[in-house]
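Residue numbers (the working numbering): 77 to 252. Just so you know, even glycine gets a beta-carbon here, dropped at the ideal spot from N, CA and C. Structure first, then comments.
Structure representation (structure tokens):
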């Protein structure tokens, strides 16, 4: 019922759709990986800055405590404070780091980005794009209508030929 041209047209459309889906999937993965990498770089930057603040604060605290005790004792007190803080952080690592990190990564992976606000220029661009797409869709619809009309015409031609053959056969049978 369909001719070769119609199958080729359908196959070309299917290939184009597959390519478009593949490109969209790649862009989505790239967007999500970029956002995750940005999140990890932000975390690393915050850790490095926090380390610098902690080091400067430790030196200042040792300096203040060395006024009333030996420097080595002040350094041991500061080291003990950081050791105690390290034990607390290790005990609370899930609540402080893992759960928020996994929640942020899950939010990136399993949700779509919010839509951007549309400016006047982008509205004009989108309107022009929609007009172009509408024109292209109109061409596709016209082409499909012509294909369907050819198919129905072919069907009725085949049906008329079958009717003629059946009529001839029945006419020969009953005229004997």
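Measure the C-alpha to C-alpha separation of residue i and residue j and round it to an integer number of angstroms.
| i | j | result |
| --- | --- | --- |
| residue 255 | residue 115 | Residue 255 is absent from the model: the chain starts at 77 and stops at 252. |
| residue 211 | residue 205 | 10 Å |
| residue 143 | residue 105 | 57 Å |
| residue 322 | residue 122 | Nothing in the structure corresponds to residue 322, since the chain is present only between 77 and 252. |
| residue 168 | residue 129 | 22 Å |
| residue 244 | residue 236 | 12 Å |
| residue 187 | residue 159 | 39 Å |
| residue 213 | residue 219 | 10 Å |
| residue 209 | residue 200 | 14 Å |
| residue 230 | residue 217 | 20 Å |
| residue 141 | residue 162 | 21 Å |
Below 7 Å CB to CB, which residues in the same chain sit around residue i once its five sequence neighbours on both sides are set aside?
| i | result |
| --- | --- |
| residue 165 | 172 |
Return the first residue and the last residue of the alpha helix (DSSP H) that residue i is part of.
| i | result |
| --- | --- |
| residue 102 | 80-141 |
| residue 178 | 175-186 |
| residue 161 | 147-167 |
Apart from the five residues on each side of it in sequence, which residues of its chain come closer than 8 Å, Cβ to Cβ, to residue i?
| i | result |
| --- | --- |
| residue 111 | 184 |
Less than 6 Å between C-beta atoms, sequence neighbours within five positions excluded: which residues of the same chain meet that for residue i?
| i | result |
| --- | --- |
| residue 224 | none |
| residue 138 | 150, 151 and 154 |
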